[in-house]
Amino acid sequence: MIQLQNIEKVYRTDTVETQALSQINLDVAPGEFLSIMGPSGCGKSTLLNIMGLLDAPSRGEVRIGNETTKKLNDKDLAHFRNRHIGFIFQSYHLINDLRVLDNVELPLLYRKGSAGDRKRLSTEALTKVGLSNRLKHFPTQLSGGQKQRVAIARAIVGKPSIILADEPTGNLDSAMGNEVMDILLHLNKNEGTTIVMVTHDEQMARRTHRLVRLFDGAQVQ
Amino acid sequence: MWSINFSNHQAGTSRADSLMLILKGVKSQLTAMPGVRGVAYMGYNTPYSNSMNGTGFEYDGKKYTSMDYQTDDDLRQVLQLEMVKGRWYSEQDAAGKRRAVVINESLEEQIFPLGDALGKELKWGGEQDSRVIVGVVKDIKHEGDYSTPKPGIYQRADTGFYGWTGMMLVRVDPSVDAGFESRVHDRLTSLMKGATIEIGRLPDQLARKNREMAIPLVTAGVVAAFLVINVALGLFGVLWYNINRRRQEIGLRRAIGATAGDVSKQILGETLVLTTIAVLLALFFAVQFPLLHVFGMLPGIYVTGMLLAVLFIYVLVFLCALYPGREAAAIYPAVALHED
Ligand SMILES: Nc1ncnc2c1ncn2[C@@H]1O[C@H](COP(=O)(O)OP(=O)(O)OP(=O)(O)O)[C@@H](O)[C@H]1O
Ligand SMILES: [Mg+2]
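And the structure:
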């Protein structure tokens, strides 16, 4: 599904050069639930951004579904992300001025489709995460766990084949974290969605198919 | 065109009719000079002068006021006034028992909307003094290029006129040299004993009048430009601030599939929607002016003004939103989403 070949990422600022990733070779199989662990600053988010085509590697190649992504321009990349990838972030990144339903609709706004379809699909997605009774709420009226479930609904509303989650339970207590984890496991199992999740929690990582450990930008396991 | 002012003329007589004969003699002497194309006496309110003269009269039981120009028979030819209908007054009107007058189009429109002014009589203070309209002329801008012509009446000089006037208009050949003015000056001094002669040029007077009219316009324009610049900078700043506040939102939109074009379109669109709301609100207040007839202006002027203002506002807003919109489109999702 996702193939990373000899990925290297170097951040250059005026004064320093940071080697965030080096020699990463990783193959994520379709339907796999992979977790990534490692100390802070080891390059987990960077790796996820590269997988999600939000950032380009300094060297190496990202192949998704056996196709190279090198030749895609900015617009193609945006369309590709919209169709195939769902993102979940530690800090949710919901838009506070929009109601829950409108937040979930966002990815569909960048596709063709009627307002009615958008509403139906968003309601469906929110039902899957157990929030069908919060459609008209604003994000500020929700608990952290509920916010993350809205974010999951937004990630799955477009029916992507891949979900990339960067510490989705990082801001949640263990009960709410488990709820979120259950939803992800359910998605993986019942809908066959490929999931790559960054986590600091061994407990969570153990519930996934495979664990990859990073240290200082390199894969150690 | 010159306007010549003469004062302290010691004519040696105080009788109006002999004064008239003397001044008419001066005029024919001056007209005979090569380089002079025409001469006409008129009251002090020559075109572009700072002098104004009004009169009041009645027609059909209604009172009217207008500008009052007392002139001799040659003014039309000297100023090259354009007749719309009828004729200018002439020597033949001296015999008539009613004085001959010519009105301008503005005045005709006011008193005779049907355009049937010719032959009508206007009354000055009672039945005895009625004057007959023999012609209608095109309006001229007596107060400069930026003025609106006022209703006006041209009245044929009577004998008494020569007792008080001190102005003549002279049309001279465009090819006359610099020495010509002093020759005319010398000639007039010798023809009118003791008189002080001042020669002014109508184009200069027009330019001065135009400058006077332009000063408030230019001042208002500078103030308006200053305000517009302030508004534009403010708008620019607000949009800029707004985009920086929304970096994460924009980063998120980029991540979930918005292209750079989508983002800048969104910023422009939001700004234009806000502008439209503001413009509608402002128009609601602006239309009260013509509806309530606050200023005596034609509805067409208001409509044009509003359309131009709206257009200008949209262009300004568009320009102010363009750069922030581009800046928003350049936000890099991987970086913006990382900021907390
Ligand atoms: N935009 C950037 N410019 C420069 N350096 C960066 C940038 N983003 C990340 N880095 C650096 O790259 C390295 C990896 O960062 P990354 O965010 O991937 O770490 P992480 O493993 O996700 O850490 P955490 O667990 O704290 O989220 C760090 O040393 C970081 O300072
Ligand atoms: Mg991270």
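As given, the protein sequences belong to chains A and B, one line each in that order.
Read in order, the letters of the first sequence correspond to residues 1 to 221 in this note's numbering.
Read in order, the letters of the second sequence correspond to residues 1001 to 1340 in this note's numbering.
By construction, the Cβ of each residue, glycine as well, lies at the ideal position given by its N, Cα and C atoms.
Source: prediction; values computed, not measured.
Out of the options, point me to the one whose CA is closest to residue i's CA.
i: N96/A; options: H137/A, D201/A and E167/A; result: H137/A
i: V1134/B; options: E1143/B, D1158/B and G1096/B; result: G1096/B
i: A1032/B; options: A1334/B, V1170/B and Y1069/B; result: V1170/B
i: R206/A; options: I24/A, S35/A and A20/A; result: S35/A
i: D201/A; options: L185/A, R63/A and M37/A; result: M37/A
i: G145/A; options: G130/A, L135/A and G158/A; result: G130/A
i: N1210/B; options: T1148/B, G1269/B and Q1155/B; result: T1148/B
i: E32/A; options: L135/A, D216/A, L214/A and R210/A; result: R210/A
i: Q1092/B; options: Q1077/B, V1273/B and D1073/B; result: D1073/B
i: V1335/B; options: Q1248/B, N1008/B and D1177/B; result: Q1248/B
i: G1342/B; options: F1226/B, D1173/B and V1136/B; result: In the structure as shown, chain B begins at 1001 and stops at 1340. Residue 1342/B is therefore absent and cannot be evaluated.
i: L48/A; options: G177/A, T15/A and E8/A; result: E8/A
i: Y1332/B; options: L1319/B, A1321/B, A1258/B and I1277/B; result: A1258/B
i: Q1070/B; options: A1157/B, V1137/B and L1281/B; result: A1157/B
i: E1198/B; options: M1213/B, E1181/B and F1226/B; result: E1181/B
i: I1277/B; options: G1054/B, Y1314/B and R1245/B; result: Y1314/B
i: V1273/B; options: L1298/B, A1260/B, M1297/B and A1321/B; result: A1321/B
i: A29/A; options: T193/A, P160/A and R149/A; result: T193/A
Would you kindly work out how many angstroms separate the C-alpha atoms of residue i and residue j, rounded to a whole number?
i: T69/A; j: L54/A; result: 12 Å
i: G1179/B; j: D1186/B; result: 11 Å
i: D117/A; j: L172/A; result: 32 Å
i: A1207/B; j: H1142/B; result: 12 Å
i: L1079/B; j: I1229/B; result: 45 Å
i: D1204/B; j: G1144/B; result: 11 Å
i: L184/A; j: I195/A; result: 8 Å
i: V10/A; j: I24/A; result: 13 Å
i: E191/A; j: F1236/B; result: 47 Å
i: L1075/B; j: F1295/B; result: 35 Å
i: L1268/B; j: R1253/B; result: 16 Å
i: K1062/B; j: F1112/B; result: 12 Å
i: L1202/B; j: W1002/B; result: 6 Å
i: V1036/B; j: L1030/B; result: 7 Å
i: V1357/B; j: A1214/B; result: Chain B is shown from 1001 up to 1340; residue 1357/B falls before or after that span and cannot be answered.
i: A1255/B; j: L1227/B; result: 40 Å
i: E1212/B; j: Y110/A; result: 60 Å
i: N133/A; j: T140/A; result: 16 Å
i: P1324/B; j: T1275/B; result: 16 Å
i: G1056/B; j: T1065/B; result: 4 Å
i: A1260/B; j: Y1241/B; result: 19 Å
Do the CB positions of residue i and residue j come within less than 8 Å of each other?
i: D1068/B; j: N1104/B; result: no
i: D166/A; j: F89/A; result: yes
i: D1353/B; j: K1123/B; result: Nothing in the structure corresponds to residue 1353/B, since chain B is present only between 1001 and 1340.
i: L1107/B; j: P1151/B; result: yes
i: F1312/B; j: Y1302/B; result: no
i: V1263/B; j: A1309/B; result: no
i: Y1154/B; j: V1101/B; result: yes
i: R63/A; j: N6/A; result: no
i: I1022/B; j: A1040/B; result: no
i: I162/A; j: I50/A; result: no
i: Y92/A; j: K147/A; result: yes
i: L101/A; j: S114/A; result: no
i: P168/A; j: V180/A; result: yes
i: V198/A; j: S40/A; result: no
i: F87/A; j: G65/A; result: no
Could you tell me how far apart the beta carbons of residue i and residue j are, in whole angstroms, since I believe they sit closer than 8 Å?
i: L1292/B; j: T1271/B; result: Actually they do not touch by this definition, with Cβ atoms about 32 Å apart.
i: R154/A; j: V104/A; result: 5 Å
i: R1131/B; j: R1099/B; result: 4 Å
i: L21/A; j: G43/A; result: 5 Å
i: I85/A; j: L164/A; result: 6 Å
i: G1194/B; j: N1008/B; result: 6 Å
i: L214/A; j: A151/A; result: No, L214/A and A151/A are not in contact; Cβ-Cβ is about 24 Å, not under 8 Å.
i: L1316/B; j: A1232/B; result: 6 Å
i: G1163/B; j: L1019/B; result: 6 Å
i: M1192/B; j: V1026/B; result: 6 Å
Taking only beta-carbon atoms, is residue i less than 8 Å away from chain E?
i: L1252/B; result: Absence of chain E from the displayed structure is noted, the protein chains being A and B.
May I ask you to list, following chain order, the residues of the region 172-194 of chain A that have a beta carbon less than 8 Å from some beta carbon of chain B? Cβ contacts with chain B come from no residue of the region 172-194 of chain A.
Members of the region 67-81 of chain A that neighbour chain B once the beta carbon cut-off is set at 8 Å: Listed by position, the residues of the region 67-81 of chain A near chain B (Cβ gap below 8 Å) are D74, K75, A78, H79 and R81.
Positions along the region 86-111 of chain A whose CB lies within less than 7 Å of some CB in chain B: Going along the region 86-111 of chain A in chain order, one finds F87, F89, S91, H93, I95, L106, P107 and Y110 with a Cβ nearer than 7 Å to chain B.
Give, in chain order, every residue of the region 1319-1339 of chain B whose Cβ lies closer than 9 Å to some Cβ of chain A. Shown in chain order are the members of the region 1319-1339 of chain B whose Cβ falls below 9 Å from a Cβ of chain A: Y1332, P1333, A1334, V1335, L1337 and H1338.
The region 1254-1274 of chain B: which residues have C-beta closer than 8 Å to a C-beta of chain A, in chain order? So the list reads R1254, A1255, I1256, G1257, A1258, T1259, A1260, G1261 and D1262, given in the order they occur along the chain.
Which residues, in order along the region 1099-1131 of chain B, keep a beta-carbon less than 8 Å from a beta-carbon of chain A? Of all residues in the region 1099-1131 of chain B, none has a Cβ within less than 8 Å of some Cβ in chain A.
When you check each C-beta in the region 1230-1243 of chain B against every C-beta of chain A, which residues fall closer than 8 Å? The region 1230-1243 of chain B vs chain A, Cβ under 8 Å: nothing.
May I ask you to list, following chain order, the residues of the region 1286-1314 of chain B that have a beta carbon less than 9 Å from some beta carbon of chain A? Of all residues in the region 1286-1314 of chain B, none has a Cβ within less than 9 Å of some Cβ in chain A.
Residues of the region 1200-1221 of chain B in Cβ contact with chain A at a cutoff of 7 Å, in chain order, please. Nothing from the region 1200-1221 of chain B brings a Cβ to less than 7 Å from some Cβ of chain A.
Name the residues in the region 1140-1173 of chain B whose C-beta lies less than 8 Å from a C-beta of chain A; which are they? Legend: CB atoms of the region 1140-1173 of chain B lying less than 8 Å from CB atoms of chain A are not found in any residue.
Please list the residues of the region 36-48 of chain A that have a C-beta atom closer than 9 Å to any C-beta atom in chain B, keeping them in chain order. Cβ proximity to chain B below 9 Å picks out S45 and T46 from the region 36-48 of chain A.
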